[in-house]
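Numbering (our numbering), first residue to last: 1080 to 1551.
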Amino acid sequence: MIWLAALCLSSSFASVFIYATWINPVKKIYIEESIKARQAAEHDLLFTDKLNSLFNSSTPTDFTAAAAQGVQSVVYIRSYESLGKDNVFSKTYSTNSGSGVIVSSDGYIITNNHVVGDGDEIEVVLNDNRELKAKFIGGDPYTDLALLKIDAHMLPYVVLGNSDSLRVGEWVIAVGNPFKLQSTVTAGIVSAKGRNINILENSGIESFIQTDAAVNPGNSGGALLNSMGLLVGINTAIISSSGGYEGFSFAIPVNLAKKVITDLKEYGVVQRGWMGVELQNVDNAIASDQKLTDVKGVYITSVVKDGAAADGGMLNGDIILKLNGKEMNTVPEFMENLAQFRPGDKVSVEYIRGSSRKLAVITLKNQLNSTDFVAIRRDPILRKLGIEIRDLDSYEKTKFKVRGVIVISVENGSLLGLTNVEPGYIITKVNDKIVTDAQQLINYLESHQGKIIFEGFYENYPGTYPYSFELK
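Structure, rendered in structure tokens:
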């Protein structure tokens, strides 16, 4: 009998326990944390104009150059989260902490969403001990990534590398702030790629880089660098029975992070392309039934009606072999690569149906089953109110069991600002009418005057909060 625990590495000491037996392996995950924890081109450096290059996989004589770059670019993050709200003037806070990586000279920082995702206030401590307030640009619970911005310039930063070129056995170093020990560097090798350890909720996208570099609580959001000092991953989790490092650490591949942080910077939300399928790995039974020579590939168990795959002619039982010419051996590998595309992008899918090998060109859709981008709404009526909103995504609809819209920002002194409404407010009703999406709310506001009452809630506050104002 083996007891294991996978730990999301913030100093809130979140814990995930995995239980398995030799006879009948069953994996169970328990996550407890104060802040709840998914096609950038290979040459795209996002926030930098530095030249990228492929990795040097030869054994380095030392790590001093890479470590020096990482230490200067990794920060300590404190996130303050409201635990409750007795009234609009009284709040109680908890503190969560972790690491982050500066990826541009003007202050963009990548970290884990579980470190800062629900924080009301975020502080960043630089390697030179300066403490700065950080703005939360956006977070993505599907990949556990978040993007922050600090008001600073000419900062040291790391260059984004190419995690696809990272090879098993290659040297890497981890840089972070374990146990609040600033600028700690450890080294190890890549043990495996494409790992899924089931720590992300609601169809999270997991395709972790597994290493044996020592990583401990507080390293969440820190840098995984190759021997040249290029960022290849964001340290995220460990598997442990003690709560500390025991030889297994996991990082989000930087190629997945590139697409996520680009979208967060440009749109505030991730523009994710979906195929509209449910999948499982090809196993021995499927390989035998389909007379496959290799036990690999991605088996389609269900196709969503009118989804992207259905429109492309794909059916239940098809086995995906390649995506855009790249072999897909497992579901995590497929999901990692698919996550690098946006709604409206076309991808080629090579697959097997029966004894035939086929090729489909799929136009990806969003979670609302259209090719439109999900956008933060800034319509004139919303500017009049002083707010920005967006639709709840499928993750949030599932989590909260409601439809509606979420307030992204509130302008101080505006019509809504004077009501004390705060970012994060989820509007479910307007004048007792159910709000289904942003366009419906905008249409209602544009056609009504007089007293308007919003009803809704905040994720971390009990009860319903009404806000009223006069619309002229």
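Note that beta-carbon positions come from the ideal geometry of N, C-alpha and C, so glycine has one too.
Close Cβ partners of residue i (< 7 angstroms) along its chain, the five nearest in sequence each way excluded
i: Gly1465; result: Val1489, Glu1490, Ser1493, Leu1494, Leu1495 and Gly1496
i: Glu1549; result: Gly1529 and Lys1530
i: Gln1446; result: Trp1353, Asp1472 and Ser1473
i: Ile1229; result: Gly1186, Ile1188, Val1203, Leu1211 and Ala1213
Nearest candidate by alpha-carbon position, reference residue i, set the options
i: Tyr1236; options: Ala1147, Val1247, Thr1263 and Gly1529; result: Ala1147
i: Lys1444; options: Thr1498, Gly1267, Asn1175 and Gly1386; result: Gly1386
i: Gly1301; options: Ala1330, Thr1380 and Thr1174; result: Ala1330
i: Phe1142; options: Gly1433, Ile1317, Leu1234 and Leu1304; result: Leu1304
i: Ser1173; options: Asp1185, Gly1198, Val1150 and Gln1151; result: Gly1198
i: Leu1402; options: Met1393, Gly1396, Phe1413 and Lys1478; result: Phe1413
i: Gly1312; options: Ser1242, Asn1360 and Ser1262; result: Ser1242
i: Ile1379; options: Asp1207, Ala1388 and Asp1291; result: Ala1388
i: Asn1192; options: Pro1502, Ala1336, Gly1391 and Leu1310; result: Ala1336
i: Pro1502; options: Gly1217, Ser1306 and Ile1284; result: Gly1217
i: Thr1341; options: Gln1518, Gly1433 and Ile1189; result: Ile1189
i: Ile1284; options: Thr1315, Ser1183, Val1182 and Ser1526; result: Thr1315
i: Tyr1187; options: Ala1213, Asn1175 and Ser1178; result: Ala1213
i: Gly1240; options: Ala1145, Leu1438, Asn1448 and Asn1206; result: Ala1145
i: Leu1343; options: Val1377, Val1410, Ala1454 and Gly1355; result: Ala1454
i: Asn1448; options: Val1294, Asn1510 and Gly1355; result: Gly1355
i: Phe1479; options: Lys1463, Arg1246 and Tyr1504; result: Tyr1504
i: Glu1415; options: Leu1438, Phe1215 and Ser1286; result: Ser1286
i: Ser1306; options: Trp1250, Pro1332 and Ala1292; result: Trp1250
Residue i burial status per 10 Å Cβ neighbour count (16 or more: buried)
i: Ile1532; result: exposed
i: Ser1090; result: A caution first: Ser1090 carries a pLDDT of 47, below 50, which makes its placement in the model too unreliable to give a value.
i: Leu1520; result: buried
i: Glu1406; result: exposed
i: Val1440; result: exposed
i: Glu1467; result: buried
i: Pro1296; result: buried
i: Thr1265; result: buried
i: Leu1226; result: buried
i: Ser1434; result: exposed
i: Leu1417; result: buried
i: Arg1060; result: With the chain covering 1080 to 1551 only, the question about residue 1060 has no answer from this structure.
i: Gly1177; result: buried
i: Gly1404; result: exposed
i: Lys1551; result: exposed
i: Arg1157; result: buried
i: Gly1392; result: exposed
i: Asn1175; result: buried
i: Leu1234; result: buried
i: Ala1364; result: exposed
i: Thr1372; result: exposed
Counterpart residues of residue i in DSSP-defined beta bridges
i: Leu1226; result: Ile1189 and Gly1217
i: Pro1257; result: DSSP, once it has assigned bridges, lists no residue as partnering Pro1257.
i: Asn1314; result: Ala1330
i: Pro1545; result: Glu1534
i: Asp1470; result: Val1484
i: Ser1158; result: Asn1175 and Ile1201
i: Leu1550; result: Gly1529
i: Ile1506; result: Val1484 and Gly1535
i: Glu1429; result: Lys1401 and Leu1438
i: Lys1444; result: Trp1353
i: Val1265; result: One detail in the question is off: residue 1265 reads as Thr in this sequence, not Val. DSSP lists Ala1253 as partners of Thr1265.
i: Asn1305; result: Val1251
i: Tyr1540; result: Its beta-bridge partners do not exist; DSSP assigns none.
Residue i vs residue j beta-carbon contact at 9 angstroms
i: Gly1483; j: Gly1542; result: no
i: Asn1334; j: Gln1419; result: yes
i: Val1153; j: Val1195; result: no
i: Pro1422; j: Gly1352; result: yes
i: Ile1278; j: Gly1248; result: no
i: Ile1398; j: Tyr1430; result: yes
i: Ile1506; j: Ile1485; result: yes
i: Leu1310; j: Val1182; result: yes
i: Gln1261; j: Tyr1155; result: yes
i: Val1377; j: Val1361; result: yes
i: Asp1451; j: Ala1517; result: no
i: Leu1400; j: Arg1436; result: yes
Cβ neighbours of residue i in the same chain (closer than 6 angstroms, five flanking residues each side left out)
i: Val1546; result: A quick correction: the sequence has Tyr, not Val, at residue 1546. Around Tyr1546: Thr1498, Val1500 and Phe1533.
i: Gln1289; result: Ser1270, Ala1271, Arg1274 and Phe1329
i: Val1339; result: Asp1219, Thr1222, Leu1224 and Val1349
i: Asp1185; result: His1232
i: Lys1425; result: Val1440 and Thr1442
i: Val1408; result: The residue you asked about is not Val; residue 1408 is Asn in the sequence shown. If we look at Asn1408 and ignore the five residues flanking it on each side, its Cβ neighbours are Lys1375.
i: Leu1028; result: Since the first residue of the chain shown is 1080 and the last is 1551, residue 1028 is not available in this structure.
i: Arg1432; result: Asp1397
i: Glu1200; result: Tyr1159
Contacting residues, own chain, Cβ-Cβ under 8 angstroms from residue i (five flanking each side not counted)
i: Glu1210; result: Glu1202, Val1203 and Val1204
i: Gly1149; result: Val1237, Ile1252, Val1254, Val1264, Ala1302, Leu1304 and Gly1308
i: Lys1129; result: Low per-residue confidence applies at Lys1129: pLDDT is 44, beneath 50, and the placement is therefore not dependable enough to give any value.
i: Ile1487; result: Gly1347, Ile1455, Ile1466, Glu1467, Ile1468, Arg1469 and Pro1502
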